[in-house]
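Heads up, the thing below is written out as structure tokens.
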Amino acid sequence: MSTQMHPGVRVGNWSWVWRPWIVLVTAVLAALTFLVFCVSISVGDFIIDLPAVIRTIFGQGERVDEFVIMDLRMPRALVGLIVGAALGISGALTQSIARNPLASPDVLGITGGASATAVFLVTVTSGAVVTSTVGLPAAALTGGLLTGLLVYFLAWRRGIDGFRLILIGIAVNAVMQALTTWLLALADIRDVARAQAWLVGSLDSRSWTEVWTTLWVTLALIVIVLVTAFQLQPMHFGDDVAAGLGVRYSAVRAVLLLCAVLLAGVAVSAAGPVPFVALVAPQITMRLLRTPVPPLIASGLFGALLLIGSDLIARSVLPNDLPVGVVTAIIGGPFLVYLLVRANVKRAA
Amino acid sequence: MTALRNDATRLGAEGVTVGYADRVVLDNLDVTIPTGVITTVIGPNGCGKSTLLRTLSRLLKPRQGTVLLDGHDIARLKTKDVAKRMGLLPQTPIAPEGLTVADLVARGRHPHQSWVRQWSSDDADVVAKALRMTGVSDLAHRPVDSLSGGQRQRVWISMTLAQGTDLLLLDEPTTYLDLAHAIDVIDLVDDLHEGGCTIVMVLHDLNLAVRYSDNLIVMKSGSIVAQGHPSDVITSELLLDTFGLQAKVIDDPVSERPLIVPIGRTHVVPKSDQGLG
Numbered sequence: 159m160s161t162q163m164h165p166g167v168r169v170g171n172w173s174w175v176w177r178p179w180i181v182l183v184t185a186v187l188a189a190l191t192f193l194v195f196c197v198s199i200s201v202g203d204f205i206i207d208l209p210a211v212i213r214t215i216f217g218q219g220e221r222v223d224e225f226v227i228m229d230l231r232m233p234r235a236l237v238g239l240i241v242g243a244a245l246g247i248s249g250a251l252t253q254s255i256a257r258n259p260l261a262s263p264d265v266l267g268i269t270g271g272a273s274a275t276a277v278f279l280v281t282v283t284s285g286a287v288v289t290s291t292v293g294l295p296a297a298a299l300t301g302g303l304l305t306g307l308l309v310y311f312l313a314w315r316r317g318i319d320g321f322r323l324i325l326i327g328i329a330v331n332a333v334m335q336a337l338t339t340w341l342l343a344l345a346d347i348r349d350v351a352r353a354q355a356w357l358v359g360s361l362d363s364r365s366w367t368e369v370w371t372t373l374w375v376t377l378a379l380i381v382i383v384l385v386t387a388f389q390l391q392p393m394h395f396g397d398d399v400a401a402g403l404g405v406r407y408s409a410v411r412a413v414l415l416l417c418a419v420l421l422a423g424v425a426v427s428a429a430g431p432v433p434f435v436a437l438v439a440p441q442i443t444m445r446l447l448r449t450p451v452p453p454l455i456a457s458g459l460f461g462a463l464l465l466i467g468s469d470l471i472a473r474s475v476l477p478n479d480l481p482v483g484v485v486t487a488i489i490g491g492p493f494l495v496y497l498l499v500r501a502n503v504k505r506a507a
Numbered sequence: 007m008t009a010l011r012n013d014a015t016r017l018g019a020e021g022v023t024v025g026y027a028d029r030v031v032l033d034n035l036d037v038t039i040p041t042g043v044i045t046t047v048i049g050p051n052g053c054g055k056s057t058l059l060r061t062l063s064r065l066l067k068p069r070q071g072t073v074l075l076d077g078h079d080i081a082r083l084k085t086k087d088v089a090k091r092m093g094l095l096p097q098t099p100i101a102p103e104g105l106t107v108a109d110l111v112a113r114g115r116h117p118h119q120s121w122v123r124q125w126s127s128d129d130a131d132v133v134a135k136a137l138r139m140t141g142v143s144d145l146a147h148r149p150v151d152s153l154s155g156g157q158r159q160r161v162w163i164s165m166t167l168a169q170g171t172d173l174l175l176l177d178e179p180t181t182y183l184d185l186a187h188a189i190d191v192i193d194l195v196d197d198l199h200e201g202g203c204t205i206v207m208v209l210h211d212l213n214l215a216v217r218y219s220d221n222l223i224v225m226k227s228g229s230i231v232a233q234g235h236p237s238d239v240i241t242s243e244l245l246l247d248t249f250g251l252q253a254k255v256i257d258d259p260v261s262e263r264p265l266i267v268p269i270g271r272t273h274v275v276p277k278s279d280q281g282l283g
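Residue numbers (the numbering used here), protein chains in the order written: chain A, 159 to 507; chain B, 7 to 283.
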């Protein structure tokens, strides 16, 4: 028979489709992410060599290294890792649900809403709330969540249409941007500086408390996403086909979109509005893996790689402290364009 | 008239009323789908034929009345259980760019899978069989977007077959296809019927509906105006009343079914020269 189907893998009663290329590329991405993570920790005011870094991470390091690595450098790298993964997965979800590569949390206004809320707190209430570190991230998360829900309900019309979702997202995002600008224009100059520092997105001076909160929330969301994602597969074919294949698509979409909004919200609240990762990571990943739709786990890995890689470059190669968001755009943008153009050339050949 | 195999009816509707906002599309409608034959719903644009199919397939929830699938109120069945009993091909399915035929057809197994059991040897067998039955085995590793319209439609039908049901609902499976491809797809549907499937479809092309169906449901403004074998149902009066179409119904020279010859305002020779009854 001419047809060979994808072979299956079985472990007891569990079985999946075996796709070697996807497993291979995902493994390479994971290895690269771990490598950049270690390099990122080794680079700082002074360099700690890589073997020492790896030994320390696994609890076998020297006491001196342990302090610098575990207390000073690790939190920053970990937050970068988590935020990048959250953004990558969030983007893969919104792009899948809207069936449109433009639909990223930045475009849908989630990031903009989070920023507007944070800037509102900094400028209007001035010192009071900002001094408590919990206040700002919590406010950003709430703002992102509310904006996401607003966009979802405004876009709802007997179901969710991708284009409508994006158009309403762009409109709401524009309002949020305008609000942010307006607040900054009215505010006291010292508050503006503080707000600006947050707005450019940064991984500076992270504490373990922040790491743990971000980590647990993100992990919980990722578990929900991965369990629900099996139901997402038929939804790429349209709502009617999904329903015909036994998927309660409204419920699945609501759960996954909520997770996407929360993941983006957590990312923004931890690192500020880092642009472009959520848009570009799923698109680059699906071209690397040669999948027709954005892959979730690999998008998260690539998002993490892009973010900590950019942070590393911003700190080590570039002269003055550039915000990490600038570097993610400078690296991610051309790489995506390269992959798109290469696909054109291949098709023409 | 061909005898309908009327063993237990699998699908039917009792007193269903369906509407969007303030518009009633189906008004207190009763219908029974005979098992083991091809039933085709025809009617002018906007008569509610797609709405009927969507209601029978549980895509739309009726305001009143019930749809019965294998004796169960379909609204009370789990979505997944409906999918195990009934395959559905809606009008505009989306195939993501680059998706291969094999991967698309494999999705048809979804109702039988779970998170921990995403692919079994059973699934592989059913999918291979579905590909073979629809004649697309050789295309298995091609991207769906590289195929012709007719091949693509075969692939989608293959996916609904992979669901492993013998009850298929097809919403205008020949739309956008040229006549040769339309015949090709509908011949495939007939093969499935010969293989034991019960099929309900909506068709625009009246002559294809007449040629291939054992049971026609003729609809007009949300009601069923006639139902039965094409030879009994199709008359020039019915076509005029239902579609507002002037037509002559003659014996089809190549099948034992009626053939509809439309009469427009132009290109009609005077009656004496026609040589027809």
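Quick reminder that beta carbons are idealized off the backbone N, C-alpha and C, glycines included. Keep in mind that this is a model prediction, so the values were computed, not measured.
With 16 as the cutoff for other CB atoms within 10 Å, does residue i come out buried or exposed?
| i | result |
| --- | --- |
| TYR407 of chain A | buried |
| PRO492 of chain A | exposed |
| TRP366 of chain A | exposed |
| HIS199 of chain B | buried |
| SER273 of chain A | buried |
| ALA332 of chain A | exposed |
| LEU209 of chain B | buried |
| ALA9 of chain B | Its pLDDT being 38, under 50, ALA9 of chain B is placed unreliably by the model, and nothing is read from it. |
| ILE48 of chain B | buried |
| GLY461 of chain A | buried |
| ILE268 of chain A | buried |
| GLY201 of chain B | exposed |
| ASN12 of chain B | In this prediction, ASN12 of chain B has a pLDDT of 46, which is less than 50 and means its spatial position is unreliable; what the coordinates show is noted afterwards. So ASN12 of chain B counts as exposed. |
| ILE163 of chain B | buried |
| ALA220 of chain A | It should be pointed out that residue 220 of chain A corresponds to Glu in this sequence rather than to Ala. Result: exposed. |
Return no unless some Cβ of chain B is closer than 8 Å to the Cβ of residue i.
| i | result |
| --- | --- |
| GLN391 of chain A | yes |
| PHE388 of chain A | yes |
| GLY402 of chain A | yes |
| ARG315 of chain A | no |
| ARG257 of chain A | yes |
| VAL175 of chain A | yes |
Kindly identify the DSSP beta-bridge partner or partners of residue i.
| i | result |
| --- | --- |
| LYS226 of chain B | B:SER229 |
| LEU59 of chain B | In the DSSP output, where bridge partners are listed per residue, LEU59 of chain B has none listed. |
| THR308 of chain B | Nothing about residue 308 of chain B can be read from this structure; chain B reaches only from 7 to 283. |
| ASN502 of chain A | Looking at the DSSP assignment, ASN502 of chain A forms no beta bridge with any residue, so it has no partner. |
| PRO40 of chain B | According to DSSP, which records beta bridges pairwise, PRO40 of chain B is partnered with nothing at all. |
| SER107 of chain A | Only positions 159 to 507 of chain A appear in the structure, and residue 107 of chain A is not among them; the question remains open. |
| ARG29 of chain B | B:TYR26 |
| HIS78 of chain B | B:LEU75 |
| LYS254 of chain B | B:VAL267 |
| SER198 of chain A | Bridge partners of SER198 of chain A: none, in fact. |
| VAL175 of chain A | A:GLY166 |
| ASN221 of chain B | B:THR45 |
Does any residue of chain A have a CB that is nearer than 8 Å to the CB of residue i?
| i | result |
| --- | --- |
| LYS86 of chain B | yes |
| HIS116 of chain B | yes |
| PRO68 of chain B | no |
| LEU198 of chain B | no |
| SER63 of chain B | yes |
| ARG113 of chain B | yes |
| GLY288 of chain B | Any answer about residue 288 of chain B is impossible in this case: the structure gives chain B only from 7 up to 283. |
Could you work out which residues of chain B lie near residue i, taking near to mean beta carbons separated by less than 7 Å?
| i | result |
| --- | --- |
| TRP172 of chain A | VAL122, ARG123 |
| PRO450 of chain A | PRO102, GLU103, GLY104, LEU105 |
| ARG406 of chain A | THR85 |
| VAL399 of chain A | PRO96, PRO99 |
How many whole angstroms separate the CB atoms of residue i and residue j, which I take to be in contact at a CB cut-off of 8 Å?
| i | j | result |
| --- | --- | --- |
| VAL280 of chain A | ASP229 of chain A | Not really, about 28 Å apart at Cβ, beyond 8 Å. |
| HIS116 of chain B | GLY249 of chain A | No, HIS116 of chain B and GLY249 of chain A are not in contact; Cβ-Cβ is about 25 Å, not under 8 Å. |
| LEU480 of chain A | VAL194 of chain A | Rounded, the Cβ-Cβ distance is 17 Å, inconsistent with contact. |
| ARG271 of chain B | SER237 of chain B | Not quite, the Cβ-Cβ distance comes to about 29 Å (not below 8 Å), so this is no contact. |
Interface residues of chain B around residue i at Cβ under 9 Å?
| i | result |
| --- | --- |
| GLY396 of chain A | PRO96, THR98, PRO99, ILE100 |
| GLY166 of chain A | GLN124, TRP125, SER126, SER127, ASP129, ALA130 |
For residue i, go through chain B and note every residue whose CB falls closer than 8 Å to its CB, in chain order.
| i | result |
| --- | --- |
| VAL385 of chain A | TRP121 |
Which chain A residues are close to residue i, counting only those with a beta carbon under 8 Å from its beta carbon?
| i | result |
| --- | --- |
| ALA19 of chain B | Simply none; closest approach about 18 Å. |
Taking residue i as the query, report the chain D residues whose CB atoms sit under 7 Å from its CB, ordered along the chain.
| i | result |
| --- | --- |
| ALA89 of chain B | Although the question refers to chain D, the structure presented lacks it and instead comprises the protein chains A and B. |
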